[in-house]
Amino acid sequence: MASPRDGENHSSSGERLAASNAAEEQANGSAKVEGVKKHENIVPKAPENEYYEIRAVNSKGYGCFALKPIKIGTRILADSPLLIVREAEYLLVDIQAEFDKLSATDQALYYTLHSAHNQDPNNWPKGIHPTVLGRERQRIQEQHNARTGKDANLISIFQTNCMEKDGGAAVFPNAARFNHSCNPNACFAWNSAIQKETIHAIQDIAEGEQITLAYCDTTHDKATRLWELKHYGFVCDCRACADGSDPTSFAAKSAARRYRMMELQQETRMFRGKFLEVGAQTEGVVAKLLEFAKLMNEEGDRTFRTATVYLDIALVCEHKGDLKFAKGAAQKALQIIMDCAGPDFPEIKDYAGVVKRIKDKIQVKEKEGKEANGP
Numbered sequence: 001m002a003s004p005r006d007g008e009n010h011s012s013s014g015e016r017l018a019a020s021n022a023a024e025e026q027a028n029g030s031a032k033v034e035g036v037k038k039h040e041n042i043v044p045k046a047p048e049n050e051y052y053e054i055r056a057v058n059s060k061g062y063g064c065f066a067l068k069p070i071k072i073g074t075r076i077l078a079d080s081p082l083l084i085v086r087e088a089e090y091l092l093v094d095i096q097a098e099f100d101k102l103s104a105t106d107q108a109l110y111y112t113l114h115s116a117h118n119q120d121p122n123n124w125p126k127g128i129h130p131t132v133l134g135r136e137r138q139r140i141q142e143q144h145n146a147r148t149g150k151d152a153n154l155i156s157i158f159q160t161n162c163m164e165k166d167g168g169a170a171v172f173p174n175a176a177r178f179n180h181s182c183n184p185n186a187c188f189a190w191n192s193a194i195q196k197e198t199i200h201a202i203q204d205i206a207e208g209e210q211i212t213l214a215y216c217d218t219t220h221d222k223a224t225r226l227w228e229l230k231h232y233g234f235v236c237d238c239r240a241c242a243d244g245s246d247p248t249s250f251a252a253k254s255a256a257r258r259y260r261m262m263e264l265q266q267e268t269r270m271f272r273g274k275f276l277e278v279g280a281q282t283e284g285v286v287a288k289l290l291e292f293a294k295l296m297n298e299e300g301d302r303t304f305r306t307a308t309v310y311l312d313i314a315l316v317c318e319h320k321g322d323l324k325f326a327k328g329a330a331q332k333a334l335q336i337i338m339d340c341a342g343p344d345f346p347e348i349k350d351y352a353g354v355v356k357r358i359k360d361k362i363q364v365k366e367k368e369g370k371e372a373n374g375p
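Sequential numbering of the sequence shown, starting at 1, is according to the UniProt record's numbering.
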């Protein structure tokens, strides 16, 4: 997964800058806009909105902070892409081709985004395995050069800020300003219906609280998360990554929950998705999924992952004939999707369809029961 970016209405954004000079290739396999240095210290501004502003954050540069209390499910941002690369395994040439299509103003905006370059090469593998060849070898080398290079460049900015989009990746300039937490209070998603990256509150957010997103898989243990976040050039200091030596601390309890979630994912993966029918016939699957959902709720995780857990519970229970429990789980799944993606998210209709189907089955069953009992 990649980190969040910014975007709606580029021409009117407060970050729109005067054009810089054309991009030029660099010897290390990256590209750089001439004169970019003068843009690095520009204080970013949020687009006009009622929910958040950008402030300086110690050791993190800048962050997005709530201007007022924000209720769970609120759409905080809907952001248009600045630069789209359709290849998931992108090379410099792929980014360069799209960058060259941007106006000078948009090219300058791109170079105001954070870049996780200038990393210590000693913190990364010394070489590429000899069996890795061709395009993949080139991709790995280019990205390594970009993150360990002295200056910001096309690849270092892209890999620091891009988010998944339709099998490829894109940079969203306003969404990019939101910092990471392994215990986030907001969630991002690409909404193909409106062609924007959205950010929604997945917890109630207090006025003045920083709005954060997860750049990594938050069910992973701390060591794995540290490795995933290493690509963004920082070490997370959120409450889930704090010192867990005190068994009563949030970090210690969170670590135990996440370890158990990893176990449950492994134990249930062959009974979910296309294997749900097998899950419906296997003892203990629902209990494990319920435990998974409970742990996710304790972590404050009301994202797509939690919604899919509830959906699978609903589908297994529906298959087993426990329609009342199935309806409750399906309704929870639908509500979570609504909260983290909004009512216009394309998959809403699928979740709503499951709720309706189960309700219809309940009505049929109730009608049959009344007819069997007579007038």
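Glycine included, each C-beta is placed from N, C-alpha and C at the ideal position.
Taking 7 Å as the cut-off, the beta carbon of residue 226 is found no closer than this to the beta carbon of residue 216. DSSP, reduced to helix, strand and coil, places residue 295 within a helical segment of the structure shown.
A distance below 7 Å separates the beta carbons of residue 186 and residue 201.
Straight-line measurement puts the Cα of residue 284 at about 25 Å from the Cα of residue 359. Sorting 247, 254 and 234 by C-alpha distance to the C-alpha of residue 240 places 254 at the top. Between residue 296 and residue 308, the C-beta gap is not smaller than 7 Å, which leaves the two residues out of contact. By the C-beta density criterion, residue 61 is exposed, having fewer than 16 other C-beta atoms within 10 angstroms.
The straight-line gap separating the alpha-carbon atoms of residue 278 and residue 316 is approximately 9 Å.
Proximity to residue 129 across 256, 141, 192 and 232 peaks at 141, based on C-alpha coordinates. Here the alpha carbon of residue 325 sits roughly 24 Å from the alpha carbon of residue 373. If you draw a straight line from the Cα of residue 206 to the Cα of residue 51, it comes to about 11 Å.
With 16 or more other CB atoms across the displayed protein chains lying within 10 angstroms of its CB, residue 190 is buried. Within the stretch 137-204, the complete alpha helix (DSSP H) segments of 4 residues or longer fall at 154-161, listed in chain order. In the displayed model, residue 285 falls within a helix according to three-state DSSP.
With contacts defined by Cβ atoms closer than 7 Å, residue 117 and residue 66 do not form a contacting pair. Put simply, the backbone Cα of residue 218 is about 30 Å away from that of residue 135.
Contact between residue 292 and residue 264 holds: CB atoms are separated by about 4 Å, below the 8 Å threshold. Between residue 173 and residue 109 the beta-carbon gap is near 6 Å, inside 8 Å, which marks them as a contact. Less than 7 Å divides the Cβ of residue 204 from the Cβ of residue 72.
Burial check for residue 133: the Cβ neighbour count within 10 Å stays below 16, so the residue is exposed.
Separation of residue 330 and residue 357 (C-alpha to C-alpha, rounded to the nearest whole angstrom) is 10 Å. When the Cα atoms are used, residue 270 and residue 232 turn out to be separated by approximately 32 Å. Per DSSP, residue 278 has no beta-bridge partner at all. With fewer than 16 other CB atoms across the displayed protein chains lying within 10 angstroms of its CB, residue 281 is exposed. In this structure the stretch 97-112 does not lie against the stretch 246-253, because fewer than three pairs of beta carbons, one per stretch, are closer than 8 Å. Annotation for residue 148: 119 and 121 place their beta carbon closer than 6 Å to its own, counting only its chain and skipping 5 residues before and after.
Spanning the alpha carbons of residue 237 and residue 258 requires a straight line of approximately 17 Å. Residue burial annotation: residue 58 is exposed, with fewer than 16 other C-beta atoms found within 10 angstroms of its C-beta. In this structure, the CA atom of residue 371 is about 36 Å from the CA atom of residue 289. By the beta-carbon neighbour count (other beta carbons within 10 angstroms, threshold 16), residue 156 is buried. For residue 110, the enclosing alpha helix (DSSP H) starts and ends at 104-110. By the beta-carbon neighbour count (other beta carbons within 10 angstroms, threshold 16), residue 74 is buried. One thing to note: residue 199 has its Cβ within 7 Å of the Cβ of residue 77. The distance from the Cβ of residue 193 to that of residue 346 is about 5 Å, consistent with a contact at the 8 Å cut-off. With a cutoff of 7 Å on beta-carbon distance, residue 197 and residue 79 are scored as near each other. Taken atom to atom, the span from the alpha-carbon of residue 365 to that of residue 268 is near 30 Å.
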